[in-house]
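Presented below is the structure to which this report refers.
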C-alpha cells in the first residue's frame with residue numbers, strides 16, 4: 002500500500018529525479034580551438050617589473066593614472082629593435098607601447114626616487130601620440146633597474162639606426178647607379194640607330210647618283 006505521508010512522497014520524488022537514465026547529452030555546437038597571439042611571440046623580454054603608469058594630461062594640466070601592471074622591454078629576435086610594453090594586470094589591456102630610440106632619455110621624477118619620467122611616441126591607443134609618461138615602482142632599486150635598462154637600450158639602438166641609414170644610403174646609391182647605366186645604355190642604342198640611318202641614307206644617295 003502506497004504511503005500517504007507527504008515527507009515520504011517527497012523522498013520518492015527526489016530519488017526518481019536522481020536516478021541515472023544513462024542518456025548522454027551531446028553539445029549542440031562544437032567550438033573550434035583558436036590560437037591566441039599577443040604579437041610578442043618573436044620578442045624576448047629584457048626586463049619585467051611591476052609598476053603603476055601615469056600620463057600627463059595637457060588639457061587638465063595634471064597626471065592621470067594609465068594603469069597598474071607589468072612593464073617590459075621586448076627585443077625583436079631578428080631586427081633587434083626594442084620596444085616598451087606595459088599591460089594592465091587584470092584586463093591585460095595595453096597602456097604603453099612604443100619603440101625605444103637613441104634620442105629618448107629617462108630621468109628621475111623630482112621629489113620621488115621611486116618614479117621616473119620620459120617622452121615617447123606612444124601607439125597603445127592604435128595611433129601615434131606624443132606622451133609624457135611617469136612610472137612609479139614599489140622600490141628605489143626597481144626604479145634604478147628600469148632607468149639603467151632604458152638608457153642602455155637607447156644607446157644600443159644608436160648603432161642600429163646608423164647601420165640602417167647607411168643601408169638606405171647604399172640602396173639609394175645603387176638605384177642611382179642602375180638608373181645611370183640604363184640612361185647610358187639608352188644613349189648608346191640611340192647613337193647606333195642614328196649611325197645605321199646615316200649609313201643607309203648615304204647608300205641611297207650613291208645609288209641615285211649612279
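Residue numbers (this note's numbering): 2 to 211.
Glycine included, C-beta positions come from ideal geometry on N, C-alpha and C.
{"Query": "Roughly how many angstroms lie between the CA atoms of residue 70 and residue 26, to the nearest whole one?", "Result": "42 Å"}
{"Query": "Can you grab the Cα-Cα spacing for the pair residue 84 / residue 112, in whole Å?", "Result": "28 Å"}
{"Query": "DSSP puts residue 52 in a beta bridge; with which residues?", "Result": "70"}
{"Query": "Kindly indicate if chain C contains any beta-carbon less than 8 Å away from that of residue 87.", "Result": "Among the chains in the structure shown there is no chain C, since it carries only a single protein chain."}
{"Query": "Using the C-alpha atoms, what's the distance from residue 76 back to residue 137?", "Result": "23 Å"}
{"Query": "On a CA-only basis, which of 39, 31, 33, 52 is nearest residue 115? Give me that one, please.", "Result": "52"}
{"Query": "Using only alpha-carbon positions, find the residue among 29, 56, 44, 117 that is nearest to residue 130.", "Result": "56"}
{"Query": "Who are the Cβ neighbours of residue 109 in its own chain at under 6 Å, not counting the five residues just before and after it?", "Result": "117"}
{"Query": "I need the DSSP call for residue 80, collapsed to helix, strand or coil.", "Result": "coil"}
{"Query": "Return the bridge partner residues of residue 88 from the DSSP annotation.", "Result": "71, 95"}
{"Query": "Have a look at 106, 160, 82, 50 and flag the residue whose alpha-carbon is nearest the alpha-carbon of residue 1.", "Result": "Because the chain in this structure spans residues 2 to 211, residue 1 falls outside the shown range and cannot be described."}
{"Query": "Return helix, strand or coil for residue 126, following the three-state DSSP convention.", "Result": "coil"}
{"Query": "Among 34, 158, 144, 126, which residue has its Cα nearest to the Cα of residue 72?", "Result": "144"}
{"Query": "Below 8 Å on the Cβ atoms is my contact criterion, and I expect residue 121 with residue 132 to pass it. Report the Cβ-Cβ distance as a whole number of Å.", "Result": "6 Å"}
{"Query": "Where does the unbroken beta strand (DSSP E) through residue 109 begin, and where does it stop?", "Result": "107 to 109"}
{"Query": "Based on DSSP bridge pairs, tell me the residues matched to residue 118.", "Result": "108, 135"}
{"Query": "Could you compute how far the alpha carbon of residue 134 sits from the alpha carbon of residue 100?", "Result": "14 Å"}
{"Query": "Could you say which of 142, 102, 139 lies nearest to residue 123 if we only look at CA atoms?", "Result": "102"}
{"Query": "Rounded to whole angstroms, what is the Cα-Cα separation between residue 223 and residue 47?", "Result": "Nothing in the structure corresponds to residue 223, since the chain is present only between 2 and 211."}
{"Query": "Can you tell me whether DSSP reads residue 34 as helix, strand or coil?", "Result": "coil"}
{"Query": "Consult DSSP for residue 156 and reduce its assignment to one of helix, strand or coil.", "Result": "helix"}
{"Query": "Pop quiz: residue 107 and residue 74 are said to be a contact at Cβ under 8 Å. What is the actual Cβ separation, rounded to whole angstroms?", "Result": "At roughly 12 Å, the Cβ-Cβ gap does not stay under 8 Å, so residue 107 and residue 74 are not in contact."}
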